[in-house]
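Residue numbers (my numbering), protein chains in the order written: chain A, 100 to 229; chain B, 33 to 157.
Quick reminder that beta carbons are idealized off the backbone N, C-alpha and C, glycines included.
So the structure is just underneath, and the comments pick up after that.
Below, the structure written as structure tokens:
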């Protein structure tokens, strides 16, 4: 069954997305995995675009590879709504799906400047693998 | 909730898809329609169209699904859409706006007709 969640991230929290990732979905339990199906990002209340790390991505909190990315969403000086894109492993040591791990939104570094708020609309499945 | 919609597109409509996009999902007040999956059956082909890519978009916005080479089919087949990523400063989604399928230029030649299967959800900002 596909679940849906909407998370609002105010500008103050956007500015710390790397140092303090935002929880999107709580850890699902033993032997369960969160698998994003589709996601949309909306930036609004914006007058100044962010700098530095303008891509946001979602991943398991202890994974070393992102699952989905909204490229350049923070590089917006006007309201904008775009789809996230799926990411693929690029090396044999990258981990993506971690059992019983929460899903977070983060960025490669803390964005700078910028004042927009961010909404994430996420559709996901919780899979049990034993 | 996930909805399913089936849309049939005739050969005559395919040949004018740039001039007259076909509506797949009607506008819904205060809501955005978002396709999860798009599949196209290309049927009754004896002559392929030229290589125009089929695109699904919220009317007037940047497309977010693309069917590469679907119209080049030389046999009846089904194809699935690939996601297309927005780049700044483009926008992909609007409330209360129809979802359409179109091509950048009108296809030429070709005689197949299409059946478009869309699985989508409706959500509010």
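{"Query": "Chain B contacts from the region 117-138 of chain A (Cβ-Cβ distance under 9 Å)", "Result": "136, 137"}
{"Query": "Endpoints, beta strand (DSSP E) assigned at residue 158(A)", "Result": "155-159"}
{"Query": "In DSSP terms, what residue 173(A) is bridged to", "Result": "Looking at the DSSP assignment, residue 173(A) forms no beta bridge with any residue, so it has no partner."}
{"Query": "Cβ neighbour criterion (16 or more within 10 Å) applied to residue 171(A)", "Result": "buried"}
{"Query": "Per-residue contacts from residue 211(A) into chain B (C-beta, under 9 Å)", "Result": "Simply none; closest approach about 17 Å."}
{"Query": "Proximity to residue 106(A) [Cα-Cα], best of 100(A), 117(A), 125(A)", "Result": "125(A)"}
{"Query": "Neighbourhood of residue 39(B) by C-beta, 6 Å cutoff - its chain only, sequence neighbours within 5 removed", "Result": "56, 148"}
{"Query": "Segment contact, 8 Å Cβ cut-off, at least three pairs: the region 143-163 of chain A with the region 209-218 of chain A", "Result": "yes"}
{"Query": "Residues that residue 66(B) contacts on chain A, provided the C-beta gap is smaller than 9 Å", "Result": "137, 139, 182, 220, 222"}
{"Query": "For residue 43(B), the three-state DSSP class (helix, strand or coil)", "Result": "helix"}
{"Query": "Local conformation of residue 103(B) per DSSP, three classes", "Result": "helix"}
{"Query": "Neighbouring residues, chain B, relative to residue 170(A) (Cβ below 9 Å)", "Result": "117, 118, 119, 120"}
{"Query": "At least 3 beta-carbon pairs within less than 8 Å: the region 69-84 of chain B vs the region 105-114 of chain B", "Result": "yes"}
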